[in-house]
Amino acid sequence: MGYATKAVRGAASLSAAAFGQQFTLLLANIVLARILTKSDFETVALVVAIMTLLDVFAELGVSVALVRQKTLEEKTLGAAFTATISSTLFISSTIFFSSNILGGFFNSSILPDLLKIAAFSFIFKGIMLSTGVYFYEI
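Be aware that the sequence shown starts at 233, since it is given in the numbering used here, and climbs by one per residue.
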């Protein structure tokens with residue numbers, strides 16, 4: 233199988249996965265919009281927006297840096313693992329400890345609790361990202 237065929241198949245599978253993910257998110261938003269009140273839905277949307285914004289900083293471009301390396305040493309993979317875990321722990325703790333401030337700023341009593349749950353789940357995102365760096369050697 234040539235590179236062009238692999239590239240087309242890879243692009244098609246990535247496109248299908250992205251479409252499926254967006255469609256699932258759309259369905260979830262429709263269900264949430266029907267179940268929650270307007271103010272609760274706005275609060276959930278705010279948490280999703282904050283987490284999406286901070287998601288950009290979680291990986292720190294580690295995957296791009298690893299892909300560009302011709303050979304990967306254990307030391308490089310360890311540094312990537314440490315950087316990813318450290319950044320997500322820092323972001324999670326920042327979200328957790330600033331949740332009350334953000335709740336007061338947006339005048340929402342439920343926002344601090346939602347942000348604390350999101351901060352806890354963000355730790356697992358870091359674990360998933362950091363364990364993924366070991367697959368770049370394949």
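From the three backbone atoms N, C-alpha and C, an ideal C-beta is built for every residue, glycine too.
Per-residue DSSP class, three states only, for residue i
| i | result |
| --- | --- |
| N339 | coil |
| T269 | coil |
| I370 | For I370, the predicted structure reports a pLDDT of 48, less than 50, and the residue's modelled location is therefore unreliable. The matter cannot be settled from this model. |
| T314 | helix |
| K238 | helix |
| K418 | For residue 418 there is no data in the structure shown, the boundaries of the chain being 233 and 370. |
| L292 | coil |
Classification of residue i by the beta-carbon crowding that lies within 10 angstroms, buried from 16 upward
| i | result |
| --- | --- |
| F354 | buried |
| M283 | buried |
| S271 | exposed |
| A281 | exposed |
| G242 | exposed |
| S245 | exposed |
Contact belief for residue i with residue j at Cβ below 8 angstroms, rounded distance in angstroms
| i | j | result |
| --- | --- | --- |
| K357 | T320 | 6 angstroms |
| A277 | I323 | Not a contact, Cβ separation roughly 20 angstroms. |
| A350 | V279 | 5 angstroms |
Alpha-carbon to alpha-carbon, residue j and residue i
| i | j | result |
| --- | --- | --- |
| E274 | A265 | 9 angstroms |
| P344 | V288 | 22 angstroms |
| L285 | I327 | 12 angstroms |
| I342 | G335 | 7 angstroms |
| I262 | S340 | 22 angstroms |
is_contact[residue i, chain B] using C-beta, thresh 9 angstroms
| i | result |
| --- | --- |
| P344 | Protein chain content of the structure displayed is limited to a single chain, and chain B is not contained in it. |
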